[in-house]
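Heads up, the thing below is written out as structure tokens.
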Amino acid sequence: MTTNQSTEDAAPAARAGRKEWIGLAVLVLPCLLISMDMSVLLFGLPFISADLKPSATQQLWIMDAYGFALAGLLITMGAIGDRIGRRRLLLIGATAFGAASVVAAYSGSAELLIGTRALLGVAGATLMPSTMALIRNMFPDPKQRQTAISIWTGGLIGGVSLGPIVGGALLDHFWWGSVFLINLPAMALLLMIGPFLLPEYKATKSGHRFDVAGSVLSMAAIFPAVYGVKQLAVDGFSVTALGALAFGVALAIAFVVRQHTARNPLIDMELFRKPNFRAPMLVNLCGNFVLMGFSLFNTQYMQSVIGMRPFTAALWSLAAMPFISVGMGVTGALTAKVKPAKIIGFGFLVSAAGALILTTVHPGNPVVVVLIGAGVAAGGVVSAQSIVGNMVLAAAPAERAGSASALNETGAELGSSLGMALLGSVGAAIYHHKMANAGAAGVPDAAVATTHETIGGAAAVAEQFPDAATHTLLTTARDAYSSGLHSAALAGAVVLVLTGLFALRALRNEPVLPAAPKKEKAPKKGKKSVPAPTDSVGEQAATV
């Protein structure tokens, strides 16, 4: 990527034409679907539970195997794209994504669905860095590129919002596998017209060898560590769970050592020596940790506890958007006057208040209580995160802007997956404890055992054996799930408060952000001039 940057600095940048803008629309498609696949199953989980009957641990893996594979391979796939060609990797990933989507749609067991969700994550990891890198090649003009990146980012955010809506609409009319088949038309379109609209790009060949050991360690460290945490949270202490956790931590330490000692590491560890780089990275990870963990609980609560249909629950979930819009507006107005430490810190404290509202939710409460709590929690975090990306890029030197962006995205994906895994495990542990002795006369023991695993299983058993005994059992299950939600919300509130206080202290010396964009507008005639990294927030964002 540094080769491209030097070319831009050496000559006036060409402006993109109609072909490039149409190509951008093609690039937004995979980004839209990648982010949709993070959220599309939120409303399909009760149907999957009824059909495939996964255990509580398998249910969590169905949700987060995709995100872990995606997060673990983002940096690796970005490096591979530089070597074999970014368009080529994008098309390979689109083919794999479409094929894995078909297998996922027709999975006949929880184990197969978990495996195909992981394959979808692997394919998704080839798509995301390729699209961002190609945008940099297609839009050499900084102003056009900044617009293109904004559209690309809008695709990611839009996918997260559209996922539950599209998934809910499909689940109201078709079986749960249909939420995977929506990937096929977009991937087919990308494969048909991508070769004609998208340029190929390869980094200049060098003698540097790819850090295979670092890539393997980065991926291998994630799964055993999270598996161990899940098993400890859901099933209690076991030698297997503790051993898996210890093995994952050991691999993570080995990865860090490798990055410090390798001649050509995957990650420039020097970036983490800068407080204004590592602090926003941690803030971003913790924010996504809480948001995705809450999303998992809130969507299932509206379906399995309140009893909404998937599409109805998806529409109600949009009630969080006004809170996010207000938070973003307030943040935009304050950035010219208030230091980022205060914006981020107080944003997270506001979110903690929303999390505490969720600890008051009970089956008899109106749905508005859930929506207000979820909206306040989401609004505070998202408004704070709106300035974190620019801070990460501004802290990195210009030649490392692409690497910094990849690291920030990896942290966000990893935080989302950890939120599902760890907060989901907390809720599952409480649910298991509350349901341990619950039973129903006249219902087979195997069916009762299903109700002890998940709230979706309890709802399925109540439909299969509709009598007073199973109604009482379902009521107990709904109360147990609410208790799990309370515990997860309380844990999330603690994380939010600690993160907010950390941001207030760690970023207290960071200056007000918008001073940089004012300086960028001045050198309009000479595109050769490059502002210093310390005062170029907007320019850094444009050159990712």
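For the sequence shown, this note's numbering assigns the number 1091 to the initial residue and increments by one for each residue that follows.
Every residue gets a Cβ at the ideal spot worked out from N, C-alpha and C, and that includes glycine.
Straight across, the Cα-Cα distance linking residue 1216 with residue 1182 is about 8 Å. Taken atom to atom, the span from the alpha-carbon of residue 1368 to that of residue 1361 is near 8 Å.
If you ignore the 5 residues before and after residue 1547, its C-beta comes within less than 8 Å of the C-beta of 1139, 1140, 1143, 1540, 1541, all in its own chain and listed in chain order.
In this structure, the CA atom of residue 1391 is about 21 Å from the CA atom of residue 1414. With fewer than 16 other Cβ atoms from the protein chains shown falling within 10 Å of its own Cβ, residue 1282 counts as exposed.
Put simply, of 1218, 1556, 1110, 1328 the residue whose alpha carbon is nearest the alpha carbon of residue 1180 is 1218. Only buried fits residue 1120, as 16 or more other CB atoms lie within 10 angstroms of its CB. Cβ atoms of residue 1471 and residue 1280 stay farther apart than 8 Å, at about 32 Å.
Around the Cβ of residue 1393, a 10 Å sphere holds 16 or more other Cβ atoms; the residue is buried.
The distance from the Cβ of residue 1398 to that of residue 1498 is about 35 Å, inconsistent with a contact at the 8 Å cut-off.
Rounded to whole angstroms, the Cβ separation of residue 1552 and residue 1564 is 4 Å, and the two are in contact under 8 Å. If the five residues before and after residue 1463 are omitted, its C-beta is found closer than 6 Å to the C-beta atoms of 1444, 1447, 1448, all from its own chain and listed in chain order. For residue 1277, the closest alpha carbon among the candidates 1269, 1188, 1303 is that of 1188.
Residue 1456 places its beta carbon 8 Å or farther from that of residue 1395. Residue 1299 and residue 1177 have their C-alpha atoms some 21 Å from each other.
Annotation: the continuous alpha helix (DSSP H) that includes residue 1535 extends over 1535 to 1543.
For the options 1592, 1303, 1228, 1385, the alpha carbon positioned closest to that of residue 1468 is the one of 1385. The residues 1352, 1354, 1355, 1356, in chain order, have a CB closer than 7 Å to that of residue 1301 in the same chain once the five nearest residues on each side in sequence are set aside.
A straight-line Cα-Cα distance of about 15 Å links residue 1193 and residue 1131. Rounded to whole angstroms, the Cβ separation of residue 1303 and residue 1341 is 11 Å, and the two are not in contact under 8 Å. The C-alpha of residue 1105 is placed about 47 Å away from the C-alpha of residue 1512. 1111 is the residue among 1315, 1111, 1155, 1211 whose C-alpha sits nearest the C-alpha of residue 1230. DSSP, reduced to helix, strand and coil, places residue 1526 outside both helices and strands of the structure shown, so it counts as coil. Taking C-beta separations shorter than 6 Å and ignoring five residues to either side along the sequence, the partners of residue 1151 in its chain run 1204, following chain order. Look at the beta carbons and you see the segment 1571 to 1582 not touching the segment 1422 to 1438: under three pairs across the two are nearer than 8 Å. A Cβ-Cβ distance of about 12 Å is found for the pair residue 1123 and residue 1156, leaving them out of contact under the 8 Å criterion. About 18 Å separates the Cβ atoms of residue 1378 and residue 1597, ruling out a contact at the 8 Å cut-off.
DSSP places residue 1378 in the uninterrupted alpha helix (DSSP H) bounded by 1365 to 1390. Residue 1270 places its beta carbon 8 Å or farther from that of residue 1184. In this model, residue 1329 and residue 1436 are separated by some 41 Å (Cα to Cα). In the structure shown, residue 1263 falls within a coil segment according to DSSP collapsed to helix, strand and coil. Out of 1206, 1199, 1373, 1255, the CA that lies nearest to the CA of residue 1481 is found in 1373. Using a 10 angstroms sphere on the CB of residue 1363, the tally of other CB atoms stays under 16, which defines it as exposed. When rounded, the separation of the alpha-carbon atoms in residue 1312 and residue 1108 is 42 Å.
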